[in-house]
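Beneath this line is the structure, given in structure tokens, with notes to follow.
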Amino acid sequence: MNPGFEQLPARLIAWFDRHGRDLPWRKDRTPYRVWIAEIMLQQTRVETVVPYYRRWLETFPTVEALAEASETDVLKIWEGLGYYSRARSLRRAAEIIVRDFRGELPADLNRLKKLPGIGPYTGGSISSIAFANPIPALDGNVRRVYSRLFDIEAPLKSKESEAELEKISAALYALPEVRARPGDYLEGLMDLGATVCLPAAPRCVACPWAESCAAKARGVQTARPVVLKKAPVPAYLVAAAVIADSDGRVLLTRRPKNGLLGGLWEFPGGKTEDGESLEDCVRREIREELAVEFTPIRPFGVYRHAYTHFKITLHAFVGTIPADSKPKALSADALDWAAPEQLNAYPMGKVDRLIARKWLTETRLNEPDPQSKESGSPRTKRGKTIKE
DNA sequence: TAAACGTGGTA
DNA sequence: TTACCAAGTTT
């Protein structure tokens, strides 16, 4: 092990006491608050999470409130955070916690890990931060810090690397300083990774562990951890339909619960096939999904978006379906005609939210002059109700 | 087991 | 613009 191995925890905790970040979920460390924060922080930056965390706690202040919420309520608060199964898992877990644990999160690691959305890392982090159990937890920050501290040369995702990291972690968690303050040790590790031991440009001058860092001693800190190159993601050309009825309501469909953007609403459409035009694509998709004949009238924006493992260029079209036709939700989970003032209440992913906003903008523009005596009042009301 | 699963920030 | 990255879990 590195020289001064036994001194590592004490130095980190002292650094954390002085330089640890002041974050909303560190104010009142109830298990519920820790749980919500840990789930939101999965693969998500702290700065992104903060406003979502505040809104969530206001809307669902307790496990019971969350258990009683609808999936739509939960997804709406989560909108924009990504990895939406996290939100649905939270709600399901809340139901289980109310039913099986009288509304209290279990302190036991094995029980925690049985709850939906809680895996090895989150189980360990809740256990150590909320319940002061010295359970090792490895996340991206911790892996990067240890990879440098011990100059691990095996690729980060390899079995060798993972085994070494677990061995290091276990050895550190055997030390009394960690066992005394497991939550602070873990959060100190996180903060070190997030503010000092940065991925591209580590600030070793500010690091409490610099003198013990094997990668720094060899000058290879920026080359650790070893990350394998990722394969380029495929790009798809997509078309979607904006279909309005005579009252100006638009047709939305709800995506299946599982899979990409599960449970969110969208403007119906899909990927083009080889050689297929965008117009042909959207006509075919609407026929397949809704069993009606769509006629594209005019383009309604081009939207580029990158998901985790592919990217799209989506062309939206405003168009019509026959007045006497009635769309059926064939492949979608549900179908709805959304009035403009209701559009914001439907949880959506990024691209569909952009389309919805554009639709709202145009709808407002086409409304009668708000100064005229006839329609001034409704316009004002709508403008206040819709938050974007 | 490897692939699926979002989004926004940064170089 | 592209590529990579950020407190992982599920299947």
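Sequence positions in the first sequence follow my numbering and run 975 to 1362.
The beta-carbon is built from N, C-alpha and C at its ideal position, and this holds for glycine as well.
Since the structure is predicted, the reported quantities are computational estimates derived from the model, not experimental observations.
I need the DSSP call for residue i, collapsed to helix, strand or coil.
i, result
"valine 1116", "helix"
"proline 1035", "coil"
"histidine 1283", "coil"
"tyrosine 1058", "coil"
"isoleucine 1087", "According to the sequence provided, residue 1087 is lysine. The question's isoleucine does not apply to it. Of the three classes helix, strand and coil, the one that applies to lysine 1087 here is helix, per DSSP."
"isoleucine 1271", "strand"
"glycine 994", "coil"
"valine 1224", "strand"
"isoleucine 1217", "strand"
"arginine 1177", "coil"
"threonine 1294", "strand"
"tryptophan 999", "helix"
"alanine 1111", "coil"
"arginine 1353", "Because the pLDDT of arginine 1353 is 26, which lies under 50, any placement of that residue in the model is unreliable, and the number read from its coordinates should be weighed accordingly. In the structure shown, arginine 1353 sits in a helix (DSSP, three-state: H, G or I)."
"tyrosine 1095", "helix"
"alanine 1308", "strand"
"glutamate 1240", "strand"
"valine 1276", "strand"
"glutamate 1151", "helix"
"glutamate 1142", "As written in the sequence, residue 1142 is isoleucine, which differs from the glutamate given in the question. Helix at isoleucine 1142."
"glycine 978", "coil"
"threonine 1004", "coil"
"glycine 1162", "helix"
"lysine 1300", "coil"
"glutamine 1345", "Residue placement at glutamine 1345 cannot be trusted, given a pLDDT of 46 that sits under 50; the coordinates are not used to answer."
"valine 1024", "helix"
"glutamine 1017", "coil"
"glutamate 1362", "Interpretation of glutamate 1362 is limited by its pLDDT of 26, a score under 50 that renders its predicted location unreliable; the figure taken from the coordinates is listed afterwards. Of the three classes helix, strand and coil, the one that applies to glutamate 1362 here is coil, per DSSP."
"asparagine 1232", "coil"
"proline 1080", "coil"
Under the assumption that residue i contacts residue j (Cβ atoms under 8 Å), give the Cβ distance between them as a whole number of angstroms.
i, j, result
"proline 1242", "alanine 1209", "Actually they do not touch by this definition, with Cβ atoms about 21 Å apart."
"arginine 1198", "serine 1251", "Rounded, the Cβ-Cβ distance is 49 Å, inconsistent with contact."
"glycine 994", "glycine 1162", "6 Å"
"glutamate 1053", "proline 1314", "Their Cβ separation, rounded to whole angstroms, is 18 Å, which puts glutamate 1053 and proline 1314 out of contact at 8 Å."
"valine 1212", "glycine 1249", "Incorrect: roughly 15 Å between the Cβ atoms, too far for contact."
"lysine 1050", "alanine 1319", "7 Å"
"glutamate 1140", "valine 1200", "Glutamate 1140 to valine 1200, Cβ: 17 Å. No contact."
"proline 1129", "leucine 1031", "Between leucine 1031 and proline 1129 the Cβ distance is about 39 Å, and since that is not below 8 Å, they are no contact."
"arginine 985", "proline 1182", "5 Å"
"proline 983", "leucine 1146", "6 Å"
"histidine 1279", "valine 1207", "Wrong, their Cβ atoms sit about 12 Å apart, outside the cutoff."
Would you call residue i buried or exposed, if buried means 16 or more other Cβ atoms sit within 10 Å of its Cβ?
i, result
"phenylalanine 1374", "Here the chain covers residues 975 to 1362 and nothing more, so residue 1374 does not appear."
"alanine 1043", "buried"
"isoleucine 1103", "buried"
"serine 1299", "exposed"
"valine 1116", "buried"
"serine 1305", "exposed"
"glycine 1237", "buried"
"arginine 1062", "buried"
"glutamate 1151", "buried"
"proline 1110", "buried"
"valine 1170", "buried"
"alanine 988", "exposed"
"leucine 1339", "exposed"
"proline 1301", "buried"
"glutamine 1195", "buried"
"serine 1220", "exposed"
"valine 1008", "buried"
"leucine 1166", "buried"
"arginine 1118", "buried"
"glycine 1233", "exposed"
"arginine 1073", "exposed"
"alanine 1148", "exposed"
"glutamate 1240", "buried"
"aspartate 996", "exposed"
"alanine 1290", "buried"
"alanine 1312", "buried"
"glycine 1323", "buried"
"threonine 1096", "buried"
"glycine 1091", "buried"
What residues are listed by DSSP as bridge partners for residue i?
i, result
"glycine 1167", "Paired residue(s): none; glycine 1167 is not in a bridge."
"valine 1212", "Lys1245 and Leu1288"
"methionine 1322", "Trp1239"
Less than 7 Å between the CB of residue i and some heavy atom of the ligand ATP, yes or no?
i, result
"valine 1170", "This structure lacks the ligand ATP, and indeed carries no ligand of any kind."
* Count the C-beta pairs between the segment 1070 to 1087 and the segment 1130 to 1147 that are closer than 8 Å, then say yes if the count reaches three, no if not. => No contact exists between the segment 1070 to 1087 and the segment 1130 to 1147.
* Asked: Using 8 Å as the Cβ pair cut-off and three pairs as the minimum, do the segment 1002 to 1011 and the segment 1162 to 1181 touch?
  -> The segment 1002 to 1011 is not in contact with the segment 1162 to 1181.
* Per the contact definition of three or more C-beta pairs closer than 8 Å, is the segment 1183 to 1191 in contact with the segment 1258 to 1277? -> By the Cβ rule, the segment 1258 to 1277 does not count as touching the segment 1183 to 1191, because fewer than three pairs are nearer than 8 Å.
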